[in-house]
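In my numbering, the protein residues as written are 2 to 458.
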Ligand code: UD1
Ligand code: MG
């Protein structure tokens, strides 16, 4: 529907059941704050404005995505108090009210809710389901002809008739309202257990002869609200499944999706295979045709197309096209691995550039270093970049080859096409094309075994 509408998200509850110093709606679901899932859905549904009701000083306003307007709830408790706090900010017209603790609501659900309200000619239409365990949710009461009458809350069940508790149809806290009708009805809502209930406006509308209808969803993910950390885990699992499925539909293969974590902002190219135990976190971007995993973590990292990354832990590093990482590699912040380069087994790289086609295959620590194109570092080549006070840089030239067990004491410059001897401790620059060798010459003690063995003690 093209008609403009506003989304109002209630996010000023205390969330006491979370037992947390962090406001409920700032808890993350798959790496993205709960509230952002809801604001994203509102925007994707085409809302002209997205407003979010927050409690002053709780930090939620600061955490809102750009363009989302924060409205402060200074007084009162309950969902009606939240909506009333936004009275002056809402321009009238069509108003969708959502709960900040139902993060898996989708743009399609919002559109469906609005379409139902429109089709029913209703002053209010609410999102419902009978596919959930109804405990704690508001139950939908209907008259003998099946028309909506009111909602009975079941957070506290004491004194509630068994017939009410047997009702499975529940309110999911998502509503499409005519804003003027809503605010006028709210003026007649009184306190229940010290709270103002938004749901109290519905029987007022019914009493005024206005139409109130329901719109059922059978997607339990959309329906799930987070009231405690068990609920958060449930939502997390379903959100994860949704993310993985979306990537799968776009051409990504997951060998063992249930052991894979892919956070909300991650991008993955087509024809990439993600193995068991892989975590793709934060702003990580993976190119096309990569092989990631098993047991690999990429955090705020990028991998170019055709890269292979196995049993690796990668943080804020860039892996070039066709590069090969691992097994058992640790790439730390500031590392850039060039096209077709290799960082192999038991290798740690920090703040270094590994040139295109260069190889660091085994047992190395490379820190604050520039490794030239096609250089090949022998097993256990180590840069000593820290003298106990300051860090120094190492430069290894193009096509240079270090022998096994080379220690490079920074600052040091190993020239293009140069070599170092195995076991060398290189403390001075090696000129282009030269061999740098820095180790004790071997000397043999003749007859040593005989001498030792004949010793009578
Ligand atoms: C509410 C509904 C219930 C429904 C359920 C769905 C009411 C009275 N009840 O109950 O029918 O089944 O959601 O999950 O509305 N909030 C504020 N300010 C407040 C209080 C709450 O902004 O003063 C926000 C919360 O941050 C939350 C939302 O409103 O995002 C819902 O509040 P919550 O306390 O979780 O309501 P429920 O008891 O779950
Ligand atoms: Mg709730």
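Beta carbons are placed, not taken as given, at the ideal position from N, Cα and C, and that holds for glycine. Predicted model only: the values in this text are computed from it and were never measured.
Compare the C-alpha of residue i against each of the options and name the closest.
i: residue 291; options: 285, 309, 277 and 280; result: 309
i: residue 215; options: 119, 54 and 395; result: 119
i: residue 65; options: 146, 255, 75 and 41; result: 41
i: residue 56; options: 49, 50, 78 and 69; result: 78
i: residue 278; options: 360, 157 and 299; result: 299
i: residue 94; options: 123, 113 and 424; result: 123
i: residue 32; options: 241, 116 and 137; result: 241
i: residue 47; options: 406, 108 and 338; result: 108
i: residue 39; options: 16, 100 and 151; result: 100
i: residue 58; options: 430, 14, 237 and 399; result: 14
i: residue 297; options: 330, 265, 266 and 284; result: 330
i: residue 125; options: 201, 103 and 144; result: 201
i: residue 434; options: 102, 449 and 403; result: 403
i: residue 102; options: 236, 389, 73 and 147; result: 236
i: residue 357; options: 272, 348 and 399; result: 399
i: residue 226; options: 137, 182 and 302; result: 137
i: residue 20; options: 231, 161 and 178; result: 231
i: residue 117; options: 164, 178 and 455; result: 178
i: residue 182; options: 67, 453, 146 and 209; result: 209
Give the straight-line distance between the Cα atoms of residue i and residue j, rounded to the nearest whole angstrom.
i: residue 205; j: residue 317; result: 55 Å
i: residue 25; j: residue 34; result: 9 Å
i: residue 30; j: residue 36; result: 9 Å
i: residue 286; j: residue 166; result: 48 Å
i: residue 211; j: residue 268; result: 47 Å
i: residue 485; j: residue 194; result: Because residue 485 is not part of the residues shown, which for the chain are 2 to 458, the question remains open.
i: residue 6; j: residue 263; result: 33 Å
i: residue 270; j: residue 288; result: 5 Å
i: residue 425; j: residue 443; result: 13 Å
i: residue 355; j: residue 342; result: 7 Å
i: residue 328; j: residue 250; result: 29 Å
i: residue 471; j: residue 293; result: One cannot answer for residue 471 here, as it falls past the ends of the chain, which runs 2 to 458.
i: residue 131; j: residue 282; result: 35 Å
i: residue 85; j: residue 135; result: 27 Å
i: residue 350; j: residue 441; result: 29 Å
i: residue 405; j: residue 274; result: 34 Å
i: residue 413; j: residue 233; result: 52 Å
i: residue 337; j: residue 284; result: 16 Å
i: residue 115; j: residue 60; result: 31 Å
i: residue 259; j: residue 276; result: 11 Å
i: residue 247; j: residue 45; result: 16 Å
i: residue 253; j: residue 272; result: 5 Å
i: residue 213; j: residue 150; result: 8 Å
i: residue 1; j: residue 143; result: What the structure shows of the chain is the stretch from 2 to 458, and residue 1 is not part of that stretch, so it cannot be assessed.
i: residue 386; j: residue 340; result: 25 Å
i: residue 427; j: residue 436; result: 11 Å
i: residue 280; j: residue 347; result: 20 Å
i: residue 447; j: residue 453; result: 12 Å
State yes or no: is the C-beta of residue i within less than 8 Å of the C-beta of residue j?
i: residue 43; j: residue 111; result: yes
i: residue 408; j: residue 383; result: yes
i: residue 401; j: residue 416; result: yes
i: residue 363; j: residue 381; result: yes
i: residue 98; j: residue 11; result: yes
i: residue 378; j: residue 360; result: yes
i: residue 307; j: residue 323; result: yes
i: residue 374; j: residue 353; result: no
i: residue 223; j: residue 105; result: yes
i: residue 50; j: residue 229; result: no
i: residue 180; j: residue 315; result: no
i: residue 397; j: residue 376; result: yes
i: residue 312; j: residue 334; result: no
i: residue 1; j: residue 139; result: With the chain running from 2 to 458 in the structure shown, residue 1 is simply not present.
i: residue 81; j: residue 54; result: no
i: residue 173; j: residue 87; result: no
On the premise that residue j lies in contact with residue i, defined as a C-beta separation below 8 Å, what is that separation, rounded to the nearest angstrom?
i: residue 320; j: residue 304; result: 4 Å
i: residue 127; j: residue 176; result: 5 Å
i: residue 170; j: residue 129; result: 6 Å
i: residue 395; j: residue 411; result: 5 Å
i: residue 52; j: residue 76; result: Contact doesn't hold; Cβ gap of about 17 Å is too wide.
i: residue 152; j: residue 203; result: 6 Å
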